[in-house]
Amino acid sequence: MSRTIVFGDIHGCLAAFNTLLDAIQPQSSDTIVTAGDYVDRGPDSKGVLDRLLELEQQLKLVPLLGNHEEMMLAVLERRMEPYGWLNHGGVETMESYGFNGDLNCVPKSHIDLMKRMPSFFETDTHFVVHANYDAQLPLEEQPKEMLRWVKITEILPDPHISGKRAVVGHTHNRQGEIFEVPHLVCIDTYCYGGYWLTAMELETGKIWQASPEGVLRQATK
Ligand SMILES: [Mn+2]
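Numbering follows the numbering used here, with no gaps: position 109 of the sequence shown is 112.
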């Protein structure tokens, strides 16, 4: 039986990511959807992108684009001044690459990965976006601002016209808890802030969580 497993915002927390992958033991028939924000704030953004590239070789990986990858890519491609990104955690990211004044410390394979990151993923029953959505618009027509920036604490969307349940990240819960209403679940459980990285199997709702230090949390569900 193939599984579809969605990961919340990793933000450089490679130890937590590795622990969850060890616990889940993904098979080549499984689909791993990562909800965006692999980089910034946490200690090893470079390591997380390397791990995504490895996973891509082993199974079906759907690495959604987060607002942090969007900013990083814009800076690396010289489309944006670096200050905004650096203030959003980009300093830690550049440190993970051993930055010494040359943006070329980020390998082309990482830039290419970010350039091919999609904005959404869907199954017959669920869809996944990084941040939020306009309930009245099809997924293909969602504004980038909604997909990547607007927190669900700013706008809690109505059920989507597709009738599918939304899975989102981006809005971290300050108590490290999963936020859930019938039509939406947010699995950004604030790993870089000291709480949990969460993974959820779509078909069953099974949850796995690990601390930033990479300690697995006993199942809560
Ligand atoms: Mn985000």
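Glycine is no exception: its CB is placed at the ideal position from the N, C-alpha and C atoms.
Please read these numbers as outputs of a predicted model, since none were measured by experiment.
Do you know how far the Cα of Thr156 is from the Cα of Asp25? 32 Å
Could you tell me whether the segment 92-99 touches the segment 125-140, using the rule of 3 or more Cβ pairs below 8 Å? no
Sorry if obvious, but does the Cβ on His71 come closer than 7 Å to a heavy atom of ligand 1? yes
Limits of the unbroken beta strand (DSSP E) element including Met203: Leu200 to Glu204
Nearer than 7 Å: is that true of the beta carbon of Ala77 relative to any heavy atom of ligand 1? In this structure, the C-beta of Ala77 stays at least 7 Å away from each heavy atom of ligand 1.
According to the Cβ coordinates, are Ile13 and Leu200 closer than 8 Å? In contact: Ile13 and Leu200 (Cβ atoms closer than 8 Å).
With distances taken from CA atoms, which of Glu144, Arg151, Glu84 and Phe182 is nearest Glu72? Arg151
Mark Gly166 as exposed unless 16 or more other C-beta atoms lie within 10 angstroms of its C-beta, in which case mark it buried. Exposed, by the Cβ-count rule.
Nearest to Ile8 (by Cα), restricted to the options Tyr193, Ala77 and Asp33: When each option's Cα is compared against that of Ile8, the closest is Asp33.
Closer than 8 Å is the cut-off here; do at least three beta carbon pairs connect the segment 57-66 with the segment 75-95? no
Using the C-alpha atoms, what's the distance from Ser99 back to Arg82? 22 Å
Rounded to whole angstroms, what is the Cα-Cα separation between Ala138 and Pro160? Each residue's alpha carbon lies about 6 Å from the other.
Cβ-based burial, Leu142 [other Cβ within 10 Å; buried from 16]: buried
Would Cys194 and Ala19 be called neighbours here (beta carbons separated by less than 8 Å)? Contact: yes.
Taking the beta strand (DSSP E) that Phe130 belongs to, which residues open and close that run? For Phe130, the enclosing beta strand (DSSP E) has its first and last residue at His129 to Val132.
Any non-hydrogen atom of ligand 1 closer than 7 Å to His3 Cβ: Residue numbering for the chain in the displayed model covers 4 to 224; residue 3 lies beyond these limits and cannot be assessed.
Does Gln212 pass the burial test, meaning 16 or more other C-beta atoms within 10 Å, or should it be called exposed? buried
Ordered along the chain, which non-local residues of its own chain (more than five positions away) have a Cβ less than 7 Å from that of Gly11? Ala38, Gly172, Ile190, Asp191, Thr192, Leu200 and Thr201
Can we count Ala169 as close to ligand 1, meaning its CB is less than 7 Å from some heavy atom? A distance criterion of 7 Å places the beta-carbon of Ala169 beyond contact range of ligand 1, judged by its closest non-hydrogen atom.
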